[in-house]
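Using this note's numbering, the first residue of the sequence shown is number 7, and each one after it goes up by one. Every residue gets a Cβ at the ideal spot worked out from N, C-alpha and C, and that includes glycine.
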Amino acid sequence: MPSGTGASGLSESEGRLWAVGPRYHAELGTGGIVYTPALGRAAARTETWSAQPLSIGREQGPALALGAAVARLDGARAVLEHGGGVQALYEAHSGGLEQSFAIASRPVGAGDLVVAQRIATNWPLAFVDAATGIEWSEPGLGGVHVGGVTAIDARGASIAGSLAFRDGLLEYRVPAEFVDAAAFPLLVDPLIGTVFTVAADLGNALDDHSPAAAYDLSNAMYLVAWTRIYSASSAYILGQRIDGLGGLVGAPMLITTNGKADPENGPTVANCNAQNMFVVGHENFVEVLPGLHKDGLEFRTVAASSGALGPVLELTGDRLEHPAIASQSIAGDSRVVLAYEFLPFSTSLNRVEVRTLTVSAAGALTLGAPVVAYTVFSEFQTIRHVAISRSGGTLNRYVVAFETGFETSADGIVRARAFDINLMGLSSTLLLSEDSSYSYRPSVDGDGNEFLVDWHAQKAGLFPTYLIRGRKLSIGGGAVLEPVRLISDSESASELNVSVGFTGETYLAAWKRANDVAISALNRVTIEPCGPPTVLSDSQRDFEVPAIAARYAGGSGSDNALVVFEGVTPATSMGDIYGQLFETENGSETQLGGGCGLISGTARVGCAVSNANSIALSLRGAIGGVPTFLFLSLNPLGYSEGGCTLYADPFSGFLLTPGNTTALGEKDYALALTPSPSLVGLQFHLQWGTYLGALGAFSFGGAPTGLNLSSAVRATFQ
7 MPSGTGASGL SESEGRLWAV GPRYHAELGT GGIVYTPALG RAAARTETWS
57 AQPLSIGREQ GPALALGAAV ARLDGARAVL EHGGGVQALY EAHSGGLEQS
107 FAIASRPVGA GDLVVAQRIA TNWPLAFVDA ATGIEWSEPG LGGVHVGGVT
157 AIDARGASIA GSLAFRDGLL EYRVPAEFVD AAAFPLLVDP LIGTVFTVAA
207 DLGNALDDHS PAAAYDLSNA MYLVAWTRIY SASSAYILGQ RIDGLGGLVG
257 APMLITTNGK ADPENGPTVA NCNAQNMFVV GHENFVEVLP GLHKDGLEFR
307 TVAASSGALG PVLELTGDRL EHPAIASQSI AGDSRVVLAY EFLPFSTSLN
357 RVEVRTLTVS AAGALTLGAP VVAYTVFSEF QTIRHVAISR SGGTLNRYVV
407 AFETGFETSA DGIVRARAFD INLMGLSSTL LLSEDSSYSY RPSVDGDGNE
457 FLVDWHAQKA GLFPTYLIRG RKLSIGGGAV LEPVRLISDS ESASELNVSV
507 GFTGETYLAA WKRANDVAIS ALNRVTIEPC GPPTVLSDSQ RDFEVPAIAA
557 RYAGGSGSDN ALVVFEGVTP ATSMGDIYGQ LFETENGSET QLGGGCGLIS
607 GTARVGCAVS NANSIALSLR GAIGGVPTFL FLSLNPLGYS EGGCTLYADP
657 FSGFLLTPGN TTALGEKDYA LALTPSPSLV GLQFHLQWGT YLGALGAFSF
707 GGAPTGLNLS SAVRATFQ
């Protein structure tokens, strides 16, 4: 079984199968599952939640009774054989236990397909939402959440199902028209997870908002900070340490004591790995005269090991707003990078400044000299939001992203600029949202070489609704921008306030969708979601303002992250702070080389996960506007001639013709998959050829092919 603070996995002990994750464990047996959430010392007792599969069938047809199952381990999954061509599959993740019902053949009858389970628990039922999930929980503690249902057929076609709960029976339902047309076997796939509370109270009488978080590797500790509004004229910044399993450590701490924290803009949190200190920054709001205020910035360290608070450092003068701090993961460097908006009283031209903050072993902070990153070009222009990459990676390079617009208009433009740790500019100011002048609230992260900036943009229409866009950039001998890409566009809900984190494996994005929070791992190459997002929902509260603390930013090689968000009671606007542990899966890829010819490009693979209905096979950095050939095989060929090596074997595999490269020398091909647990660990080889006729460098058996070969990649499914 995997080990480590955020590990999850399956094991067998004394003839029983167990799933263990950071916030739960579950016993998988002949009668179903017994799921036990771990909620920490705040919970007076340990309560279980059990699900016993009862039957599968069509609404108008005979139901197949599911008797006692035969349980076995199959690699990274547990399989419970119920007979009649029905399997219950379980996989342990840090966010919860993934449960799938695999149905071998179409059940007899008509109407919706219904999977029925008997639920037994002492947890009170908190809410039922047919589309997004059902939750049993205690206010202020957390509990058990079953996410929305997705059905996937053998061709990879998928549809959102629904849930129903009555008289102790939980039903997963798949629409009749999908069942009628589906290619079997069919997977019905919800997620059972533990939602835990960071800061909440019975009745939601406190007013907590705008959480932020960071991770410290040495102590395996998160710090979550947020704004608590005490009155119309007083707000404070509070903090709570959380261990790698999601347990609350110690009491909440009062990080500010003057009551002048800006109630509209939350804190920023970073980690300095060299000193094992968190750095918390926020705006102070001081009213000079009625209607005239002056903002300053305040910073303070929090020791990861003890929660001890360092001395306060204030940055004052004129107006200073929107601070953002990047974590420092390099063990030998005690500097973190700060970005903020500076509004001088002496001139009407606002600007973005960057500085370093040096952290001492005792927790004291020292400010470096300011460097101007951007100055507005008109007195009517303003800066509304500033963000900085959560990490500089091993290269110690950072991207500052910000939104600009005009005071009297709703327009918004996302821009960015790159710096190294010494605040030397690595790029000019880059215009990112060139496709829309209504783009807002950027978020950015990366590995020091490649970065992703996400934002929400207004859709065309009478009433403003929003979607999520993103753009990758690479920092080498100058900045290289990829095209703007769509990340999410819900037909039924507005999507905004996105947060992005780099996990070391790929990108994780979280955003507000209607009154819920959606979370998804992204394809690192195309930045499209790896399947439908996980949606966190609560019928009593609106979930808002998610923020991501990826362990990578704290120096960890783990692909785990903590997503924090606020839950607001609509009638009172009072808020609580919640958290959800998450891990990203994107498959793994190993670059093999073998490329030859002029600008032949690189093969890439993203979203190589066993529960996806397609996988993206990509070519990057090739010549634009030329025909492509895609070599794909399970077994390697390894044929070399004239400095070229063809790794993917077209004789035992496939040779596809996806079409021409784009003007930027890119090509993506979506290969349809049948989701299956058997894909886990499967390896395949991928290589592209670009046709240049007489200029092609690759020959086979002495005969010219007219092709240049890209570098090859070996990918492994997770």
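Pick helix, strand or coil for residue i, following the three-state DSSP scheme.
i: Pro552; result: strand
i: Ala567; result: strand
i: Ser56; result: strand
i: Arg557; result: helix
i: Ser684; result: helix
i: Val378; result: strand
i: Phe184; result: helix
i: Ala132; result: strand
i: Gly712; result: strand
i: Ala700; result: helix
i: Gly627; result: strand
i: Thr400; result: helix
i: Gly607; result: strand
i: Glu33; result: strand
i: Asn617; result: coil
i: Phe190; result: coil
i: Thr414; result: coil
i: Thr138; result: coil
i: Thr435; result: coil
i: Arg421; result: strand
Cutting at 7 Å between CB atoms, please list the residues of its own chain near residue i, excluding the five before and the five after it.
i: Tyr472; result: His462, Ala463, Gln464, Lys465, Ser500, Glu501 and Leu502
i: Pro191; result: Ala108, Ile109, Ala110 and Ala160
i: Ala75; result: Thr36, Leu86, Glu87, His88 and Ala94
i: Ala654; result: Phe637, Leu638, Ser639, Leu643, His691, Leu692, Gln693 and Ala718
For residue i, which residues does DSSP report across the bridge?
i: Leu580; result: The question names Leu, but residue 580 in the sequence shown is Met. Beta-bridge pairing links Met580 to no other residue.
i: Asn279; result: BP columns for Asn279 are empty, so no partner.
i: Arg720; result: Thr596 and His691
i: Arg179; result: Val120 and Ser168
i: Met259; result: Gly245
i: Leu79; result: Ala84
i: Asp268; result: DSSP, once it has assigned bridges, lists no residue as partnering Asp268.
i: Cys650; result: Glu647
i: Asn666; result: Pro633
i: Asp674; result: Ser624
i: Met430; result: Paired residues: none, contrary to the question.
i: Pro43; result: Tyr30
i: Thr307; result: Val285
i: Tyr96; result: Ala84 and Gln105
Count the other CB atoms, across all protein chains shown, that sit within 10 Å of the CB of residue i; report buried if there are 16 or more and exposed otherwise.
i: Leu254; result: buried
i: Thr578; result: exposed
i: Val490; result: buried
i: Phe508; result: buried
i: Phe637; result: buried
i: Arg172; result: exposed
i: Asp544; result: buried
i: Arg179; result: buried
i: Arg557; result: buried
i: Thr596; result: exposed
i: Met580; result: buried
i: Gln334; result: buried
i: Gln246; result: buried
i: Ser239; result: exposed
i: Gln66; result: exposed
i: Asn566; result: buried
i: Gly537; result: buried
i: Val574; result: buried
Residues in the same chain with beta-carbon distance under 8 Å from residue i, minus the five sequence neighbours each way, listed in chain order, please.
i: Ala367; result: Gln281
i: Phe348; result: Asp324, Arg325, Leu326, Asn356, Arg357, Val358, Glu359 and Pro376
i: Lys673; result: Ser624, Leu625, Ala628, Thr634, Pro664, Gly665, Asn666, Thr667 and Trp694
i: Tyr242; result: Thr233, Arg234, Tyr236, Leu260, Ile261, Thr262, Thr263, Gly265 and Ala267
i: Thr388; result: Asn356, Val382, Thr410, Gly411, Phe412 and Glu413
i: Leu60; result: Ala71, Leu72, Ala122, Gln123, Arg124 and Leu175
Keeping to the same chain, check which residues put their C-beta closer than 6 Å to that of residue i; ignore five residues upstream and five downstream.
i: Gly91; result: Ala110 and Ser111
i: Gly659; result: Leu638 and Ser639
i: Arg403; result: Asp426, Gly454 and Ile481
To test your reading of the DSSP string, which unbroken beta strand (DSSP E) runs of 3 or more residues are found completely within the segment 321-359? 325-332 and 341-349
So within the segment 438-483, which uninterrupted beta strand (DSSP E) runs reach at least 3 residues, ignoring any that extend past its ends? 445-452, 456-464 and 472-482
Report the start-end ranges of each beta strand (DSSP E) in the segment 486-562 that is 3 residues or longer and not cut off at the edges. 491-494, 501-508, 513-519, 522-528, 540-542 and 548-556
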